[in-house]
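Residue numbers (this note's numbering): 12 to 240.
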């Protein structure tokens, strides 16, 4: 990358992850992403796998105009907050990334983590109630209402997550949350299929998808602990 372009790379940002300047064109971002994916094979080592997660998370944000614009505004807000810190004090070493991390953890990760816990813990008692008689109209109707409410709760969480791009240093956390949300969505779809045809294979598949989502939530929590700047 030319020296003039490197000066415009915001350290610790998704732009920095992809090695492109803030003003990079969509084509430049795509080319950088493809080059990095070829360089880092996820099967080589744990470090390479984590690096690929960061690259994918960065590209997921920067390839879409809306999420990129929201991310740029987030960077600008963080820079303004940093510039307001009294530079005469030792604590003024706070970075843009640190400010963005704090905001994202408080406004996105923490409430989302609570929502995931609530959704994941809600399934077992519902299945236990349904097991009394899966063909009972009242029990089936109650299960359908549960699925509708869970779907609404999940949809709100997904919207908040997508509208709040994560800082680069939390890409590993965000990618795991992203897949956890996807597994929950697929799991709810499978459970809904059961109410249509009463094939209990959908119940088993739904439970397995919830189990995977639970594992990813745990991985996200561990990734957060190990991602300190």
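Beta carbons: idealized from backbone N, C-alpha and C, even for Gly.
Starting from residue 186, follow the alpha helix (DSSP H) in both directions and report where the run begins and ends.
Translated into the one-based positions of the chain shown, residue 186 becomes position 175. Counting along the chain, the alpha helix (DSSP H) containing residue 186 begins and ends at 182 to 208.
Runs of beta strand (DSSP E) wholly within the region 108 to 173 (minimum 3 residues, chain order)
none
Contact set for residue 12: own chain, Cβ-Cβ below 7 angstroms, skip 5 residues either direction
Stepping through the chain shown from its first residue, residue 12 is reached at position 1. With a pLDDT of only 45 at residue 12, under 50, the local geometry of the prediction cannot be trusted, and no value is derived from it.
Using the Cα positions of residue 173 and residue 194, report the straight-line distance between them to the nearest angstrom.
Indexing the chain shown from 1 puts residue 173 at position 162. Indexing the chain shown from 1 puts residue 194 at position 183. Taking the straight line from one Cα to the other gives about 16 angstroms.
Could you name the residues of the same chain whose beta carbon sits closer than 6 angstroms to that of residue 204, not counting the 5 residues immediately before and after it, in chain order?
For the purposes of this step, residue 204 is taken as the residue at position 193 of the chain shown. Here the set comprises 213.
Looking at residue 59: is its Cβ nearer than 8 angstroms to the Cβ of residue 71?
Along the chain shown, read from residue 1 onward, the residue named residue 59 stands at position 48. Along the chain shown, read from residue 1 onward, the residue named residue 71 stands at position 60. Contact flag unset, no.
Quick one: is residue 163 buried, meaning 16 or more other Cβ sit within 10 Å of its Cβ, or exposed?
Position 152 of the chain shown, counted from the first residue, corresponds to residue 163. Classification of residue 163: exposed, given that the 10 Å Cβ count is below 16.
Should residue 209 and residue 134 be called a contact, given that it needs their Cβ atoms to be closer than 8 angstroms?
Walking along the chain shown from the start, residue 209 turns up at place 198. Walking along the chain shown from the start, residue 134 turns up at place 123. For residue 209 and residue 134, no; Cβs fall outside 8 angstroms.
Is DSSP giving residue 217 helix, strand or coil here?
Taking the first residue of the chain shown as position 1, residue 217 is located at position 206. It is helical.
For residue 14, is the classification buried or exposed, using 16 other Cβ atoms within 10 angstroms of its Cβ as the cut-off for buried?
Position 3 of the chain shown, counted from the start, is the residue given in the question as residue 14. Confidence is the limiting factor: at residue 14 the pLDDT is only 41, short of 50, which leaves the residue's position unreliable, though a coordinate-based value still follows. Flag for residue 14 reads exposed.
Report yes if the CB atom of residue 229 is closer than 8 angstroms to the CB atom of residue 184, and no otherwise.
Here residue 229 is taken as the residue at index 218 of the chain shown, counted from 1. Here residue 184 is taken as the residue at index 173 of the chain shown, counted from 1. Not a contact, by the Cβ cut-off of 8 angstroms.
Taking the alpha carbon of residue 73 as the point to measure from, which residue in 231, 170 and 34 has its own alpha carbon closest?
As a working note, residue 73 is residue 62 in the chain shown. The option with the nearest alpha carbon to residue 73 is 34.
Where does the unbroken alpha helix (DSSP H) through residue 51 begin, and where does it stop?
One-based indexing of the chain shown puts residue 51 at position 40. Premise fails: residue 51 is in no alpha helix (DSSP H) and is neither H nor E.
Evaluate the contact criterion for the region 40 to 48 versus the region 113 to 133: three or more CB pairs, one atom per stretch, below 8 angstroms.
no
Cutoff 6 angstroms; reference residue 198; Cβ partners in own chain excluding five residues on either side:
Taking the first residue of the chain shown as position 1, residue 198 is located at position 187. So the qualifying residues of the chain are 217, 220 and 221.
Indicate whether residue 86 and residue 24 have their beta-carbon atoms separated by less than 8 angstroms.
Indexing the chain shown from 1 puts residue 86 at position 75. Indexing the chain shown from 1 puts residue 24 at position 13. Yes.
Would the C-beta of residue 85 count as close to the ligand ZN, meaning under 7 angstroms from any of its heavy atoms?
Absent from the structure shown: the ligand ZN. Ligands present: none.
For residue 157, the nearest candidate out of 111, 80, 64 and 206 (CA to CA):
Locating residue 157 in the chain shown gives position 146, counting from the first residue. For residue 157, the nearest C-alpha among the options comes from 206.
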